[in-house]
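Taking it in order: structure first as structure tokens, then the write-up.
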Amino acid sequence: MVSEHFLCYANKGRLGNLMFEFASLTGIAALNNKTLIVGRDDYIYKVFDLKNVVVLDNRDVCNTFEFIEEALGCCKFDRTLMTLPRGKSFKIGLYLQSWKYFYHVQDEIRRQYQFRDHIKEKARHIVNTIRASYIYKSPKMIGIHIRIGDIGNEMHNYGGLVIAPEGYIYKAMEYTKARFSDIIFVVASDDLKWSRSVLSARANDSIYFLEEGVSPEVDLAVLASCDHVIQTVGTFSWWAGFLSESVSIYYTHPGRVGSPGEARYNYADFFLPNWIPIDV
0 MVSEHFLCYA
10 NKGRLGNLMF
20 EFASLTGIAA
30 LNNKTLIVGR
40 DDYIYKVFDL
50 KNVVVLDNRD
60 VCNTFEFIEE
70 ALGCCKFDRT
80 LMTLPRGKSF
90 KIGLYLQSWK
100 YFYHVQDEIR
110 RQYQFRDHIK
120 EKARHIVNTI
130 RASYIYKSPK
140 MIGIHIRIGD
150 IGNEMHNYGG
160 LVIAPEGYIY
170 KAMEYTKARF
180 SDIIFVVASD
190 DLKWSRSVLS
200 ARANDSIYFL
210 EEGVSPEVDL
220 AVLASCDHVI
230 QTVGTFSWWA
240 GFLSESVSIY
250 YTHPGRVGSP
260 GEARYNYADF
270 FLPNWIPIDV
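The numbering of the sequence shown is numbering that gives the first Met the number 0, which starts it at 0 and goes up by one.
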């Protein structure tokens with residue numbers, strides 16, 4: 000299996016992180032005439048019906064490739080990675096969280112990120128249930144992803160990553176209401192108790208909460224099916240916005256000003272230029 004023309008990703012993190020790794024390596028591979036290796040047991044391979052990749056039962060060969068780590072940190076574009084030496088295979092990581100690595104192949108990324116049939120079927124059932132619960136025949140579904148979980152722990156607070164505040168969520172909801180009619184908000188969250196508490200004040204809004212226990216990939220498939228998306232903080236939100244191909248709103252300060260968390264980002268590298276920033 001050893002060849003001189005392959006790329007491997009680091010395969011670190013949860014679904015949103017893995018999607019950045021795969022997408023960015025796809026973009027880099029396209030510019031360098033290399034082929035991406037995926038493990039049959041990789042989470043991302045189980046979620047998406049990936050094509051035009053080498054699928055291995057064992058990814059150990061990746062550990063024999065020269066490792067190149069992004070020089071600028073997780074959420075900044077490292078241009079040097081776009082041109083690789085010929086005649087060699089590489090493992091590249093760790094995070095590669097910039098749209099600039101793969102924007103030239105974005106149509107390919109959207110084709111790759113087609114959910115496997117069993118995930119699509121579960122998401123389709125949920126979407127049909129949501130639409131049937133609404134009084135209008137064709138409501139605009141506005142997805143909201145609210146991430147609390149690991150951002151709220153001490154390590155992330157120390158690093159300066161923040162939870163998107165209630166005021167941002169309310170402001171983003173009002174923005175969509177001003178632009179669209181017949182709206183139902185579809186909320187996916189890793190902390191439904193917090194989300195229900197925050198949104199309980201929105202008595203005049205139609206809100207549907209995705210149930211606890213639904214897998215992240217089904218949550219993402221539902222959000223991607225929405226007409227528009229309100230992101231909070233994190234890569235899962237990012238990909239919900241990207242896959243929906245619609246109006247996507249994001250919180251402008253995922254890192255506390257002056258913190259190590261903020262220093263991780265170049266916001267122009269991380270957020271797509273056509274997305275809508277909202278601050279509070």
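Note that the Cβ used here is the ideal one computed from N, Cα and C, for glycine as well.
Helix, strand or coil: how does DSSP classify THR34 here?
Strand.
Within this structure, are the beta carbons of GLN230 and SER214 separated by less than 8 Å?
No; because the gap between Cβ atoms is not below 8 Å, this pair is not in contact.
Where GLY72 and ALA202 are concerned, what is the direct C-alpha to C-alpha distance, given to the nearest angstrom?
Going by the C-alpha atoms only, they are around 42 Å apart.
Could you have a look at GLU153 and say whether DSSP puts it in helix, strand or coil?
With a pLDDT of 44 at GLU153, under the threshold of 50, the predicted position of this residue should be treated as unreliable, though the coordinate-derived value follows. Here GLU153 sits in helix by DSSP.
Kindly indicate the opening and closing residues of the beta strand (DSSP E) around ILE129.
No beta strand (DSSP E) holds ILE129; the alpha helix (DSSP H) holding it covers 116-131.
Between the C-alpha atoms of PHE66 and ARG130, what's the straight-line distance to the nearest angstrom?
Each residue's alpha carbon lies about 48 Å from the other.
Is VAL60 helix, strand or coil when you go by DSSP?
Note: VAL60 maps to helix in three-state DSSP.
Quick check: PRO138 and ILE183, are their CB atoms within less than 8 Å of each other?
Result yes, Cβ atoms of PRO138 and ILE183 sit closer than 8 Å.
Starting from LEU219, trace the alpha helix (DSSP H) in both directions and tell me its first and last residue.
215-224 is the span of the alpha helix (DSSP H), which, as asked, contains LEU219.
Just to confirm my understanding: we take SER236, look at its own chain, exclude 5 residues before and 5 after, and list those with CB closer than 6 Å. What are they?
Result list for SER236: HIS144 and GLN230, in chain order.
In the region 83-116, which residue ranges form an unbroken beta strand (DSSP E) of at least 3 residues, counting only runs that do not cross its ends?
Segments of the beta strand (DSSP E) lying fully in the region 83-116: 89-92.
If we ignore side chains and look at the alpha-carbon of each, how far apart do GLU153 and GLY260 end up?
Low confidence applies here, because GLU153 scores a pLDDT of 44, under 50, leaving its location unreliable; read the following figure in that light. GLU153 and GLY260: Cα-Cα distance of roughly 13 Å.
Taking just the CA atoms, how far does VAL52 sit from ILE277?
Answer to the nearest angstrom: the Cα atoms are 38 Å apart.
Assuming the contact rule is C-beta atoms closer than 8 Å, ALA220 and ALA122 should be a hit. Round their C-beta distance to whole Å, please.
4 Å between Cβ atoms; contact.
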